[in-house]
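Heads up, my numbering is the position in the sequence shown plus 137, with the first residue counted as 1.
Each remark here refers to the structure printed beneath this line.
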Amino acid sequence: MNAVHDDSNSGKNISTERTLRTFVEFFEERGHRALTGSSLLPPPGDPVLFTTSGMHPLTPYLEGLRPHPLGRRLVNVQRCLRTTDLDEVGDSSHLTVFEMLGSWSLGDYDHGQSLRWGFELLHDGFGIPAERMYATVFDGDEQVGPDLPSLEIWGELGLPVERTRDDNWWSNGPTGPCGPDSEIFVWTCPDGTPPRGTPTTDPRWVELWNHVSMRHLRHDDGSLEPLARPSVDTGMGLERLVTVLQGRTSVYETDLFEPWMRLVPQLWPGLDGDSLRLVCDHLRSAVVVLGDGVRPANTGRGYVLRRLVRRLLTTLWRDDPSRTVADLPVELVELVEQTLRHFRQSTDSGPVLAQLRAEEERFGRLLDRGRRVLARREFRGRPLSEQDYFYLHDTHGLPRELVDGGLLGTW
Ligand code: SER
Numbered sequence: 138m139n140a141v142h143d144d145s146n147s148g149k150n151i152s153t154e155r156t157l158r159t160f161v162e163f164f165e166e167r168g169h170r171a172l173t174g175s176s177l178l179p180p181p182g183d184p185v186l187f188t189t190s191g192m193h194p195l196t197p198y199l200e201g202l203r204p205h206p207l208g209r210r211l212v213n214v215q216r217c218l219r220t221t222d223l224d225e226v227g228d229s230s231h232l233t234v235f236e237m238l239g240s241w242s243l244g245d246y247d248h249g250q251s252l253r254w255g256f257e258l259l260h261d262g263f264g265i266p267a268e269r270m271y272a273t274v275f276d277g278d279e280q281v282g283p284d285l286p287s288l289e290i291w292g293e294l295g296l297p298v299e300r301t302r303d304d305n306w307w308s309n310g311p312t313g314p315c316g317p318d319s320e321i322f323v324w325t326c327p328d329g330t331p332p333r334g335t336p337t338t339d340p341r342w343v344e345l346w347n348h349v350s351m352r353h354l355r356h357d358d359g360s361l362e363p364l365a366r367p368s369v370d371t372g373m374g375l376e377r378l379v380t381v382l383q384g385r386t387s388v389y390e391t392d393l394f395e396p397w398m399r400l401v402p403q404l405w406p407g408l409d410g411d412s413l414r415l416v417c418d419h420l421r422s423a424v425v426v427l428g429d430g431v432r433p434a435n436t437g438r439g440y441v442l443r444r445l446v447r448r449l450l451t452t453l454w455r456d457d458p459s460r461t462v463a464d465l466p467v468e469l470v471e472l473v474e475q476t477l478r479h480f481r482q483s484t485d486s487g488p489v490l491a492q493l494r495a496e497e498e499r500f501g502r503l504l505d506r507g508r509r510v511l512a513r514r515e516f517r518g519r520p521l522s523e524q525d526y527f528y529l530h531d532t533h534g535l536p537r538e539l540v541d542g543g544l545l546g547t548w
């Protein structure tokens with residue numbers, strides 16, 4: 138295959154779009170059928186609020202409960218939302234909504250083949266030198282022995298290997314399909330410092346691609362049953378890959394966020410650092426969630442959306458209460474539509490912006506009410522008690538983080 142990372146097209150020019158296409162085509166050339174990525178909403182009956190990984194919609198097929206209509210080799214790009222990462226958003230790598238590149242062998246080729254292709258794509262396809270890669274492998278525990286075949290393959294391919302226990306076991310929950318995994322890490326250090334340490338000892342080793350050997354089923358009592366037909370499930374965060382390939386230290390410096398990082402500070406001067414990143418991430422994520430048909434609410438998915446919008450507004454209004462999402466350039470909403478395809482609902486900027494604006498107005502009214510309540514004499518000149526917080530939340534819908542957040546004034 139032709140390397141993407143060649144002289145005529147230096148690393149920094151590899152666009153997100155090209156990265157994505159290279160991944161999908163690599164697996165198509167090896168007999169995989171491309172799935173249309175599902176929306177963020179899991180299939181009916183699934184208890185989770187949002188799809189959190191590329192394999193999630195494929196769980197029944199990985200368990201071998203039924204054959205997949207497209208066959209035993211699959212590839213896809215799946216958008217995911219992880220609320221567990223919400224508090225980390227604003228740093229250089231965590232996004233609320235991200236895309237996962239995935240490949241699967243549903244009882245077809247083995248885990249070793251997957252590792253070999255993983256190396257080939259990163260090394261020959263994307264041009265990442267072997268000296269900048271490190272692999273990790275499951276070292277065994279009380280129930281399952283060490284993953285010796287993977288150790289051998291990485292040895293053949295010339296990659297250094299670190300062996301771990303918990304970090305190299307993958308499951309999607311306490312029960313269900315699971316198994317040992319092997320992860321490929323890449324050394325990221327733009328100042329040219331040569332690789333040092335190992336993935337667990339130096340954070341400049343960034344986890345890029347996880348290859349899971351899905352060969353057990355965990356039962357309620359913790360016991361493991363071998364799957365009749367083991368599968369392989371791999372997942373790699375697109376945005377993280379793009380950050381590495383474009384030689385950046387932060388996803389916000391890649392082409393994916395370039396228009397955001399250019400237009401948002403023009404719109405709202407003074408926003409910078411973590412606040413700017415949080416606003417860009419939450420706005421982009423809110424547009425995606427709205428595009429998948431979710432509407433703000435006080436429970437479930439709608440509550441996640443509401444939290445996203447309120448967090449971004451809290452950040453925006455801290456410095457300047459006149460800022461409004463109504464000013465958001467249409468171009469940014471359209472960009473989300475182009476980069477995250479296949480929406481359930483039209484993401485026409487009109488309706489999406491109208492929804493955002495309506496939620497902004499609701500939040501504005503809640504803040505007004507909060508200010509009026511807290512201005513009452515009974516709250517003045519004393520710290521709030523636990524009982525006050527309970528009353529404010531229960532009776533007036535004012536959560537503690539909002540009361541303490543500085544937008545309601547001092548009392
Ligand atoms: N299931 C694994 C993960 O989410 C690989 O797709 O990392």
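The beta-carbon is built from N, C-alpha and C at its ideal position, and this holds for glycine as well.
Alpha-carbon to alpha-carbon, residue j and residue i
i	j	result
Val-274	Val-369	15 Å
Met-351	Trp-405	47 Å
Asp-505	Leu-545	8 Å
His-353	Asp-318	12 Å
Asp-144	Pro-402	For Asp-144, the predicted model reports a pLDDT of 34, less than 50, meaning its position is unreliable and no value from the coordinates is stated.
Leu-285	Asp-304	16 Å
Leu-382	Gly-542	38 Å
Gln-250	Pro-266	20 Å
Arg-447	Gly-191	28 Å
Pro-283	Asp-276	4 Å
Phe-516	Arg-399	43 Å
Ser-483	Val-473	Because the pLDDT of Ser-483 is 49, which lies under 50, any placement of that residue in the model is unreliable, and the number read from its coordinates should be weighed accordingly. Distance between the alpha carbons of Ser-483 and Val-473: 12 Å.
Pro-363	Pro-340	34 Å
Glu-162	Thr-173	14 Å
Asp-247	Ser-287	11 Å
Arg-519	Leu-453	28 Å
Thr-436	Leu-186	10 Å
Phe-480	Glu-279	Residue placement at Phe-480 cannot be trusted, given a pLDDT of 45 that sits under 50; the coordinates are not used to answer.
Arg-170	Ser-240	10 Å
Asp-429	Pro-181	14 Å
Asp-338	Trp-324	According to the sequence shown, residue 338 is Thr rather than Asp. One C-alpha to the other measures close to 12 Å.
Cβ pair residue i, residue j closer than 8 Å
i	j	result
Val-214	Glu-236	yes
Thr-196	Gly-316	no
Pro-327	Thr-391	no
Val-298	Ala-272	yes
Leu-393	Val-416	no
Asp-245	Arg-209	yes
Met-270	Phe-322	yes
Val-431	Arg-438	yes
Gly-264	Thr-159	no
Gly-501	Leu-535	no
Pro-433	Glu-496	yes
Arg-302	Leu-345	no
Tyr-389	Arg-414	yes
Leu-445	His-419	yes
Any non-hydrogen atom of the ligand SER within 7 Å of residue i CB
i	result
Asn-213	no
Trp-307	yes
Ser-190	yes
Asp-370	yes
Val-185	no
Gly-239	yes
Val-632	Coverage of the chain is limited to positions 138 through 548, which leaves residue 632 absent and any answer about it impossible.
Val-161	no
Val-349	yes
Where the beta strand (DSSP E) containing residue i begins and where it ends
i	result
Asp-370	361–374
His-248	Not the beta strand (DSSP E): His-248 falls in the alpha helix (DSSP H), residues 248–257.
Ser-319	313–324
Ser-308	306–308
Ala-272	270–275
Met-351	342–355
Gln-383	Gln-383 -> no beta strand (DSSP E), and no H or E assigned at all.
Leu-172	That residue, Leu-172, is in no beta strand (DSSP E); it is neither H nor E in DSSP.
Val-424	Unbroken run through Val-424 is the alpha helix (DSSP H), 410–428; no beta strand (DSSP E).
Assumed close pair residue i, residue j - CB separation to whole angstroms, cut-off 8 Å
i	j	result
Leu-238	Leu-375	5 Å
Leu-590	Ala-423	What the structure shows of the chain is the stretch from 138 to 548, and residue 590 is not part of that stretch, so it cannot be assessed.
Thr-476	Thr-153	7 Å
Arg-366	Gly-168	Actually they are not in contact, since the Cβ atoms of Arg-366 and Gly-168 sit about 17 Å apart, beyond 8 Å.
His-193	Leu-243	Not confirmed; about 15 Å, so no contact.
Trp-307	Val-349	4 Å
Val-510	Arg-216	39 Å between Cβ atoms; not a contact.
Start-to-end residues for the alpha helix (DSSP H) that takes in residue i
i	result
Arg-455	437–456
Gly-292	285–294
Phe-235	That residue, Phe-235, is in no alpha helix (DSSP H); its beta strand (DSSP E) goes 234–242.
Arg-203	Where Arg-203 is concerned, there is no enclosing alpha helix (DSSP H), given that its DSSP letter is neither H nor E.
Val-470	467–476
Val-388	Looking at the DSSP string, Val-388 is not in any alpha helix (DSSP H), and its letter there is neither H nor E.
Thr-532	523–533
Arg-134	In the structure displayed, the chain extends from 138 to 548; residue 134 sits before or after that span and is not available.
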